[in-house]
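Using the numbering used here, the first residue of the sequence shown is number 11, and each one after it goes up by one.
No residue lacks a Cβ here, since even glycine has one placed at the ideal position from N, Cα and C.
Structure record follows, encoded as structure tokens.
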Amino acid sequence: MTTVEVAKTHELSIAPIAGYLGAEVSGIDLREGISAETAERLRSALYRFRVLFFRDQPIDHAQQIAFTRIFGPVTPAHPHRYTDKSPEGFPEILEVDSRIYAKRFGTPQYSYASFWHQDVTALINPPAVTALRAEIVPAVGGDTTWTDLVAAYANLPESLKAFLDGLYAENRFGGRAPKWAEGSESDGLVKQTPIISEHPVVRLHPITGERILHVNPGFTSRIVGLSPRQSDRVLDLLFEEITNPAYTVRIRWTPDSLGIWDNRAVAHLAPTDLDHLDVVRVLHRTTVEGEIPVGVDGKPSRPVSGEPFYSDETLANRP
């Protein structure tokens with residue numbers, strides 16, 4: 011985004027809310043049918059602002075799935091088969107429920123992942139887009155923060171860009187260290203079904219062509235070809251860069267609000283300010299099928315373990 015403006019199409023209003031990313035969308039009711047013109051406007055806005063936020067949208071699971079489908083085929087909730095990940099009849103919905111997570115992770119937790127991450131970059135084709143709808147949110151706390159990975163790369167010195175452009179990074183659940191209790195359901199699933207991929211450290215956006223610093227603390231475990239010490243130092247530097255507050259936007263959840271983001275171009279941080287409070291936080295996540303990342307040299311990501319994560323629609327149409 012190079013200018014600050016409010017763009018309107020009929021009733022639709024898209025207003026930027028931070029210097030690098032984020033816009034609030036109003037003048038639309040997601041319970042109603044969305045025209046082709048409006049859908050295209052929303053897609054263009056997402057690729058420009060990276061995070062779109064909608065208020066006062068009392069939609070249900072089916073309507074959320076239908077809205078998410080504007081941005082591409084909707085995947086199942088998660089590549090790991092958690093026993094309680096989805097509400098009955100809606101396998102595309104991932105429940106972000108503090109009551110479920112206490113059981114799953116073995117410790118109190120108010121979000122799917124309370125650390126900086128892009129969604130599921132362990133996959134060879136990480137989700138392209140993520141949508142998250144708030145049902146129950148605490149009166150205080152529980153905000154989500156996003157950071158612009160395009161801006162993080164663009165503002166690096168040219169010498170560092172040249173070094174990074176040809177590198178690959180291994181991505182796995184937990185990144186450099188597990189983030190769940192040993193013996194928990196998450197621990198067992200990660201060990202039973204390892205999903206590991208090597209992605210370009212700098213990937214090209216398939217729609218805009220922008221260069222993206224494609225690493226995140228939640229999943230990136232090492233830089234391929236470097237020693238452990240060298241890899242850790244490079245990742246420490248890059249993680250500090252991508253979490254620069256200048257590139258971020260922080261948004262307050264309210265009941266019936268919905269956020270949608272370009273998972274290729276942003277990382278996000280779930281709240282860490284609720285662990286000492288006795289509150290309930292319930293949101294519902296959907297994801298859009300992603301493509302295999304491609305680096306600046308035109309070479310794709312490399313699978314190490316696990317299968318591509320496709321929507322049922324894609325699987326049904328495969329020969």
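Do you know offhand how far residue i's Cα is from residue j's?
i	j	result
V264	E50	First, the residue type needs correcting, since residue 264 is Thr and not Val in the sequence shown. Approximately 26 Å between the Cα atoms of the pair.
H88	D66	27 Å
A162	L223	7 Å
F100	D70	11 Å
A187	D129	17 Å
I270	H278	12 Å
G316	G43	37 Å
P68	I233	43 Å
I110	E98	15 Å
P313	V244	22 Å
L174	R91	35 Å
I180	W156	Residue identity differs from the one stated: residue 180 is Glu in this sequence, not Ile. Whole-angstrom Cα-Cα distance: 22 Å.
V200	G37	43 Å
R221	L214	5 Å
G228	D288	26 Å
L166	V259	20 Å
P318	V106	23 Å
S108	K95	12 Å
Would residue i and residue j qualify as a contact pair, given that the criterion is a beta-carbon distance under 8 Å?
i	j	result
G176	D283	no
S321	E299	yes
E21	F63	no
D153	P281	yes
A55	I24	yes
S231	R274	no
L133	I217	no
I252	L170	no
Consult DSSP for residue i and reduce its assignment to one of helix, strand or coil.
i	result
D66	coil
H71	helix
V84	strand
V244	helix
S54	helix
T324	helix
I252	helix
E47	helix
R143	strand
I27	coil
A164	helix
S311	coil
S108	helix
A138	coil
(message) Does the region 74-85 come into contact with the region 283-301, if we say contact requires no fewer than three beta-carbon pairs (one atom in each stretch) closer than 8 Å?
(response) yes
(request) Spell out a yes or no on whether the region 133-152 and the region 81-100 are touching, meaning 3 or more CB-CB pairs, one atom from each, closer than 8 Å. (result) yes
(request) Mind listing, in chain order, the continuous beta strand (DSSP E) runs of no fewer than 3 residues lying wholly within the region 169-240? (result) 178-182, 206-210, 212-214, 221-223, 230-233
(request) Tell me, please, whether the region 230-246 touches the region 25-44 by the rule of three or more beta-carbon pairs shorter than 8 Å. (result) no
(message) Can you confirm whether the region 210-218 touches the region 305-319 when touching is taken to mean that 3 or more C-beta pairs between the two stretches lie within less than 8 Å?
(response) yes
(request) Please go through the region 257-301 and give each complete beta strand (DSSP E) segment of 3 or more residues, from N-terminal end onward. (result) 258-261, 268-272, 276-279, 292-298
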